[in-house]
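Trainee: Going by the working numbering, the residue at position 449 of the sequence shown is 449; the numbering climbs one at a time, nothing skipped.
Take a look at the following structure, please.
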Amino acid sequence: MGMPKQICRGITKWKNFLIVFLVPLILLPIVTIIDTKPARCAYGVLVIGTYWVLEVMPLAVTSLLPVVLFPMLGVMPVQKICQSYFKDTLMLFLGSLVVAVAVERWDLHRRIALRALTLVGPQPRWLMLGIMFPCWFLSMWMSNTATTAMMVPILNAILKQIKEAREIGPNTKKNSFRLSAEKNMVETSFTNGKNEDDAIQDKGANGDTNTMEMQKLMKKEPIEIEEENGPIRSEDKEFIQLAKTFSLCVAFSANIGGVATLTGTPPNIVFKGIAEDEFKIYDMDSGITFANWLVIGLPLSIVCFIFLWGWMQFYFDGKKCFPCVARGEEGSYDNVKKFLHTEYLSLGSMTFAEKLVLGDFVLLAVLWITRNPQFVPGWGALFPKKYISDSVPAILMAVLLFILPSQPPGFLKKQQLNCTKAAEAQDDEVISNDEVVIQLDKAKKDEYVPLLNWRVVNEKLAWGVILLMGGGFALADACKASGLSNTIAESLSFLAGIPPWVSVLMLTFIVAAITNITSNAATTTIFVPIVFHLAIKLGVHPLFFMIPITLSASFAFLLPVGTPPNAIVFSTGYLTIKDMVFGGAVVNIVTVLIMNLCFNAYISPFLGLSVFPEALRTPIVNGTLLKNGTLLLVNNTLNAGYTITP
């Protein structure tokens, strides 16, 4: 009996290594038995997809496999595959990520979060709103991973204050919990020696290790959920439920916020890139811009946000809805209000650097919205058609961050410092490894220090996400070039007898289920090209299928491996898998239903998706548009051996 157990343990420890070699061998009959181009492409897609789902390698590394597999399988030349890794859409995403790094670099996101929390009441329902709103809003513009990691120490500080107040009474003074110390611990957990994409990779394959690391780094008192010495007091149960609820609020609101803007989450960017490529074959424009996506996504995100707030209140204590407040224990939360106000005041007034970053951020949003608002000519009309896209202002404002100074020149205002911490330092000769202090020491000497430098961007930018999306584009291009997307679409032609909105409803639930166990960008990459061709065969506008599929790929609320925000809040130790499934199942189902309702109510009419474009009726042969059948006639003539003479 001992030997089989040792073998099983050995296999478990080496499972990732074994999967890497076994999966290609198991799937090999697809290529050997069905030796066609779509079959060879399907083999590559299944291998890469399996690696993505099981996370046997870092997601970014798996995303590089199309460069190896598809040329060797004879699907696409390597030159065309490599072109997929840096498209115009990825430049848009890169620019937005650089601006987000600047927001994070100068703690502007923390100021916004604390300000939102000081504006709400101290009762749990309003604290939920105060926690959810900054996560929701910031996730529209920056990585939801960074947003969640920023909010976790604030969340723990709030819970610490509530716990102390409930244990010792509202009128007893206690030493306030230091948010700054916990903030450093969380930053160490997610950024010390890692960048953001490492955190994304760690979320699934090494989830247990992350949980232990997070609990150790944060050094917070464990919450005893299971009864050990008799029943837990009622107040303790309520606090435990409150901690679970607040944790879910952070992750779920960050996930919902991303759908509001075109750059808010990877599935939106993947959809934009694939849509541009697919419509380009037909000499058409997808018509998707930052401005009209904001009209699509923002109202949907607001409706989902309001539902989430209501559901989280019900999740906290059912129909009783905050009984501790009803019993007159408002004093338990007064200390929280004072603590948050104190923390916000400790930030001081906005620094010169924060103001410039905020101005850059707002100007970028304005440029995106006004480039092509469609109801009036935008500034993009000043340039030749198709010369300007949303990536131009994104890169422009990102580059400006490397030029703009982090403090005004000395001749304008002497000795203005950029950071409150540095201003409090009394000894200027103290040597520190903190880059902020080093730069501020230089600033005291009136040296020019830009808002961003390459070292900061290189450390904080989510390069792995960019590679993941590039690999997704390569996968989509291979499916299109080989005809695999068209083959799968033909196999789904039985949906022709079903109303399109019913087909969309079924497909969105399927995608929402799959995205809970795999990367949302990978899910979008696989499904969006398929539904594009399916819609054409059914005589439906492709965007009628593509947009709901994209939106549903962002609705992953069930498991820690679904999204990085889920993994981060799970790592705090407040939640179990059961808690996430119970709290997230309702959110998953209802948000998909809300999305379908909103799509049919206003998104489809707004984009005019009830009319099938005539240009899409033109046949496509080998990825080439046929005009009046001329190209097909020429090809048939040449293949028959005839010579064309004038």
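For glycine and all other residues, C-beta sits at the position ideal for the given N, C-alpha and C.
#1: Please state whether DSSP places V450 in a helix, a strand or coil.
#2: Near L400, which residues of its chain fall below 8 angstroms by C-beta distance, leaving aside the five closest residues on each side in sequence?
#3: Label A521 either buried or exposed according to how many other C-beta atoms from any shown protein chain fall within 10 Å of its C-beta, with 16 as the threshold for buried.
#4: Which value, in whole angstroms, describes the spacing of the CA atoms of F21 and S253?
#5: What does the alpha-carbon distance come out to for the pair A398 and E354?
#6: Go ahead and pull the three-state DSSP assignment for P405.
#7: Please report how far the alpha carbon of P4 lies from the alpha carbon of N16, in whole angstroms.
#8: Can you have a look at Q79 and say buried or exposed, based on whether 16 or more other CB atoms are within 10 angstroms of its CB?
#9: Just to check my reading of the structure: K163 and F239 have Cβ atoms closer than 8 angstroms, yes? What is that Cβ distance to the nearest angstrom?
#10: For the alpha helix (DSSP H) containing S604, list its first residue and its last residue.
#11: Would P500 and E278 qualify as a contact pair, given that the criterion is a beta-carbon distance under 8 angstroms?
#12: Classify Q123 as helix, strand or coil using the three-state DSSP reduction.
#13: Considering I112, what are the terminal residues of the alpha helix (DSSP H) in which it resides?
#14: Going by CA-CA distance only, name the one from K386, G258, A535 and Y315 that's closest to M667.
#15: Can you tell which of L467, W141, A489 and I536 has the C-alpha that lies nearest to the C-alpha of V67?
#16: Using the Cα positions of M151 and A100, report the straight-line distance between them to the nearest angstrom.
#17: Just curious, the alpha helix (DSSP H) that R40 is in, first and last residue?
#18: Examine the Cβ distances between the stretch 299-311 and the stretch 576-594 and report whether three or more of them are shorter than 8 angstroms.
#19: Compute the distance between the beta-carbons of S604 and F544, then report whether it is under 8 angstroms.
#20: If I measure Cβ to Cβ from G95 and keep anything under 6 angstroms in the same chain, skipping five residues before and after, which residues do I get?
#21: From this set, L382, L452 and L358, which residue's C-alpha is nearest F402's C-alpha?
#22: Just checking, does the stretch 54-69 make contact with the stretch 481-497 on the three C-beta pairs under 8 angstroms criterion?
#23: Could you name the residues of the same chain whose beta carbon sits closer than 6 angstroms to that of V75, not counting the 5 residues immediately before and after it, in chain order?
#24: Starting from the Cα of F509, find the closest Cα among A553, M546 and T289 and give me that residue.
#25: Note the first and the last residue of the continuous alpha helix (DSSP H) segment covering S485.
#26: Hey, Q313 and R125: beta-carbon distance below 8 angstroms or not?
#27: Do the CB positions of I517 and L559 come within less than 8 angstroms of each other?
#28: Would G310 pass as a contact of A260 if the rule is Cβ separation under 8 angstroms?
#29: Report yes if the CB atom of T515 is closer than 8 angstroms to the CB atom of F271, and no otherwise.
#30: Please confirm whether R9 and L347 have their CB atoms less than 8 angstroms apart.
#31: What span of residues does the alpha helix (DSSP H) with I26 cover, start to end?
#32: Which first and last residues belong to the alpha helix (DSSP H) in which G584 is found?
#33: Tell me whether the beta-carbon of N255 lies closer than 8 angstroms to the beta-carbon of A567.
#34: Which of helix, strand or coil does DSSP assign to D390?
#35: Go ahead and label I288 buried or exposed: buried means 16 or more other beta carbons lie within 10 angstroms of its beta carbon, across all protein chains shown.
#36: Can you say whether D390 is buried or exposed, counting buried as having 16 or more other CB atoms within 10 angstroms of its CB?
Mentor: On the basis of the coordinates in this document:
#1: As a first step, residue 450 must be located in the sequence shown, where it is residue number 450. For the record, residue 450 in the displayed sequence is Pro; it is not Val. Of the three classes helix, strand and coil, the one that applies to P450 here is strand, per DSSP.
#2: Residue mapping note: residue 400 aligns to position 400 of the sequence shown, counting from 1. Closer than 8 angstroms at Cβ, skipping near neighbours: D360.
#3: Within the sequence shown, numbered from 1, the residue matching residue 521 stands at position 521. A521 should be labelled buried.
#4: Position 21 of the sequence shown holds residue 21. Position 253 of the sequence shown holds residue 253. Looking at the two C-alpha atoms, the distance is approximately 39 angstroms.
#5: Here residue 398 is taken as the residue at index 398 of the sequence shown, counted from 1. Here residue 354 is taken as the residue at index 354 of the sequence shown, counted from 1. Going from the Cα of A398 to the Cα of E354 covers about 15 angstroms.
#6: What you label residue 405 is simply residue 405 of the sequence shown in a count that begins at 1. Strand, per DSSP.
#7: For the purposes of this step, residue 4 is identified with residue 4 of the sequence shown, where counting begins at 1. For the purposes of this step, residue 16 is identified with residue 16 of the sequence shown, where counting begins at 1. Whole-angstrom Cα-Cα distance: 20 angstroms.
#8: Along the sequence shown, read from residue 1 onward, the residue named residue 79 stands at position 79. Exposed, since its Cβ has fewer than 16 Cβ neighbours within 10 Å.
#9: Reading the sequence shown from its first residue, position 163 is the one you call residue 163. Reading the sequence shown from its first residue, position 239 is the one you call residue 239. With 8 angstroms as the limit, K163 and F239 qualify as a contact, their Cβ atoms being about 6 angstroms apart.
#10: As a working note, residue 604 is residue 604 in the sequence shown. Segment S604 to L607, the alpha helix (DSSP H) holding S604.
#11: Taking the first residue of the sequence shown as position 1, residue 500 is located at position 500. Taking the first residue of the sequence shown as position 1, residue 278 is located at position 278. It is not a contact, given that the beta carbons lie outside the stated cut-off.
#12: On the sequence shown, position 123 is the one that residue 123 refers to. In this structure, Q123 counts as coil in the three-state DSSP scheme.
#13: Mapped onto the sequence shown, residue 112 falls at position 112. L108 to T118 is the extent of the alpha helix (DSSP H) around I112.
#14: Shown here, the chain extends from 1 to 646; a query on residue 667 therefore has no answer.
#15: Within the sequence shown, residue 67 is the residue found at index 67, counting from 1. Checking every option, the nearest Cα to that of V67 belongs to L467.
#16: In the sequence shown, residue 151 corresponds to position 151, counting from 1. In the sequence shown, residue 100 corresponds to position 100, counting from 1. Roughly 15 angstroms between the two C-alpha positions.
#17: Residue 40 sits at position 40 when you count from the first residue of the sequence shown. Start and end: K37 to L54.
#18: yes
#19: As a working mapping, residue 604 is identified with position 604 in the sequence shown. As a working mapping, residue 544 is identified with position 544 in the sequence shown. Yes. Within cutoff.
#20: The residue labelled residue 95 in the question sits at position 95 within the sequence shown. The answer, listed in chain order, is A394, I395 and A398.
#21: Taking the first residue of the sequence shown as 1, we reach residue 402 at position 402. Measuring from the Cα of F402, the nearest candidate turns out to be L452.
#22: no
#23: For the purposes of this step, residue 75 is taken as the residue at position 75 of the sequence shown. Around V75: R40, C41, A478 and S482.
#24: Residue mapping note: residue 509 aligns to position 509 of the sequence shown, counting from 1. With distances taken between Cα atoms, F509 lies closest to A553.
#25: Taking the sequence shown and counting its residues from 1, the one referred to as residue 485 is at position 485. Start and end: L484 to S491.
#26: Here residue 313 refers to the residue found at position 313 of the sequence shown. Here residue 125 refers to the residue found at position 125 of the sequence shown. It is a contact, given that the beta carbons lie within the stated cut-off.
#27: Indexing the sequence shown from 1 puts residue 517 at position 517. Indexing the sequence shown from 1 puts residue 559 at position 559. Closer than 8 angstroms, so yes.
#28: On the sequence shown, residue 310 is found 310 positions in, with the first residue counted as 1. On the sequence shown, residue 260 is found 260 positions in, with the first residue counted as 1. No; because the gap between Cβ atoms is not below 8 angstroms, this pair is not in contact.
#29: As a first step, residue 515 is located in the sequence shown; it is residue number 515 there, counting from the start. As a first step, residue 271 is located in the sequence shown; it is residue number 271 there, counting from the start. No; because the gap between Cβ atoms is not below 8 angstroms, this pair is not in contact.
#30: The residue given as residue 9 occupies position 9 in the sequence shown. The residue given as residue 347 occupies position 347 in the sequence shown. No, the pair does not count as a contact, with Cβ atoms beyond the cut-off.
#31: Against the sequence shown, residue 26 aligns to sequence position 26. Where I26 is concerned, the enclosing alpha helix (DSSP H) stretches over K15 to I26.
#32: Reading the sequence shown from its first residue, position 584 is the one you call residue 584. Element bounds for G584: I577 to C598.
#33: The sequence position of residue 255 within the sequence shown is 255, counting from 1. The sequence position of residue 567 within the sequence shown is 567, counting from 1. For N255 and A567, no; Cβs fall outside 8 angstroms.
#34: Walking along the sequence shown from the start, residue 390 turns up at place 390. Residue state, collapsed to three classes: coil.
#35: Sequence index remark: in the sequence shown, residue 288 carries index 288 (1-based). I288 is buried by the Cβ-count criterion.
#36: Reading the sequence shown from its first residue, position 390 is the one you call residue 390. Buried, since its Cβ has 16 or more Cβ neighbours within 10 Å.
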